[in-house]
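Visitor: Take a look at the following structure, please.
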Amino acid sequence: MTQKQVTVAIFNESTGWSLPRAQVERIRDAAGPESDVRQVTSHGALLEALPTTNDLIGFPLTEEVFARLATNVGWIQLTNSAGDTIGSLADTIRRGVRVTTAASVRAPQIAEHALALTLALTRRLDSAIRSQEEHFWATNTIAAECGTLNGATVGLVSLGTVGHELACRLKPFGVHLVALH
Numbered sequence: 063m064t065q066k067q068v069t070v071a072i073f074n075e076s077t078g079w080s081l082p083r084a085q086v087e088r089i090r091d092a093a094g095p096e097s098d099v100r101q102v103t104s105h106g107a108l109l110e111a112l113p114t115t116n117d118l119i120g121f122p123l124t125e126e127v128f129a130r131l132a133t134n135v136g137w138i139q140l141t142n143s144a145g146d147t148i149g150s151l152a153d154t155i156r157r158g159v160r161v162t163t164a165a166s167v168r169a170p171q172i173a174e175h176a177l178a179l180t181l182a183l184t185r186r187l188d189s190a191i192r193s194q195e196e197h198f199w200a201t202n203t204i205a206a207e208c209g210t211l212n213g214a215t216v217g218l219v220s221l222g223t224v225g226h227e228l229a230c231r232l233k234p235f236g237v238h239l240v241a242l243h
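For the sequence shown, position 79 matches number 141 in my numbering, and the numbering has no gaps at all.
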């Protein structure tokens, strides 16, 4: 029986970082003995591995290169929540390649970050920091610019996994939520 080739392509070649060995071992254990899990840590190694890869974890390449070299790939596991990546994989998805994301894993952190940025903008932390750098105490000026989330209307462009997590975090602030699915 031929083993399924699983290629782990989670790396940053410019910094020399790659997914730690312990994490690759966890993937190997989860994939089981019927899979040959191999880690690549460079773009060149990924290009060499693609022709025999069945499952790809990570996607540090263009769809054009993928389409040319990865003729046996049936599944791609993205390491992000797919916001920027999924649109560029439209042709790949149309060819029947399954694409999954890490949205459910990263959604709470992304939602908390979005909430932190929303609060920073609402409370005009940018103005406060700028005034502080200029050694100017601008309490009255900034207070007039500050808003509050309580009673505000907040629009979410997508109510996917991340949007749902953000909506849950916004609810205690008493916002009126308008969301598109």
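Built from N, CA and C at the ideal position, the CB exists for glycine as well.
Taking only three categories from DSSP, how would you classify Val99?
Guide: Here Val99 sits in strand by DSSP.
Visitor: Of the residues Cys230, Leu131, Ile119 and Glu195, which one's Cα is nearest the Cα of Arg160?
Guide: Per the Cα distances, Ile119.
Visitor: For His105 versus Pro122, is the C-beta distance shorter than 9 Å?
Guide: Yes.
Visitor: Helix, strand or coil for Arg160? Go by DSSP, reduced to three states.
Guide: Note: Arg160 maps to strand in three-state DSSP.
Visitor: Write down the C-beta distance between Asp117 and Gly136 rounded to the nearest angstrom, noting that I regard them as a contact closer than 8 Å.
Guide: Correct: roughly 7 Å between the Cβ atoms.
Visitor: For the putative contact between His238 and Thr215, defined by C-beta atoms under 8 Å, what is the C-beta separation to the nearest angstrom?
Guide: About 5 Å separates the two Cβ atoms, so the contact holds.
Visitor: Cutting at 8 Å between CB atoms, please list the residues of its own chain near Thr246, excluding the five before and the five after it.
Guide: Any answer about residue 246 is impossible in this case: the structure gives the chain only from 63 up to 243.
Visitor: What do you get for Ala132, buried or exposed, if any count of 16 or more other CB atoms within 10 angstroms of its CB means buried?
Guide: So Ala132 ends up on the buried side.
Visitor: Nearest to Val70 by CA position, among Ala84, Thr64, Thr77 and Ser76, is which residue?
Guide: Here the closest residue by C-alpha is Ala84.
Visitor: Where does Gly94 fall in DSSP's three states?
Guide: Of the three classes helix, strand and coil, the one that applies to Gly94 here is coil, per DSSP.
Visitor: Looking only at its chain, what residues have a beta carbon closer than 6 Å to the beta carbon of Asn134, apart from the 5 residues adjacent to it on each side?
Guide: Result list for Asn134: Asn116, in chain order.
Visitor: Cβ atoms of Glu207 and Arg192: under 9 Å apart, would you say?
Guide: Not a contact, by the Cβ cut-off of 9 Å.
Visitor: Taking just the CA atoms, how far does Gln101 sit from Gly94?
Guide: One C-alpha to the other measures close to 15 Å.
Visitor: In whole angstroms, give me the CA-to-CA distance for Gly158 and Glu125.
Guide: One C-alpha to the other measures close to 14 Å.
Visitor: Who are Asp117's beta bridge partners in DSSP?
Guide: Paired residues: Val68 and Trp137.
Visitor: Assuming Phe73 contacts Thr103 (C-beta within less than 8 Å), just tell me the rounded distance between them.
Guide: Their Cβ separation, rounded to whole angstroms, is 5 Å, which keeps Phe73 and Thr103 in contact under 8 Å.
Visitor: Which partner residues does His238 have in the DSSP bridge list?
Guide: Beta-bridge pairing links His238 to Thr215.
Visitor: Could you spell out the range, first to last residue, of the alpha helix (DSSP H) harbouring Ala107?
Guide: Run containing Ala107: His105 to Ala111, per the alpha helix (DSSP H) assignment.
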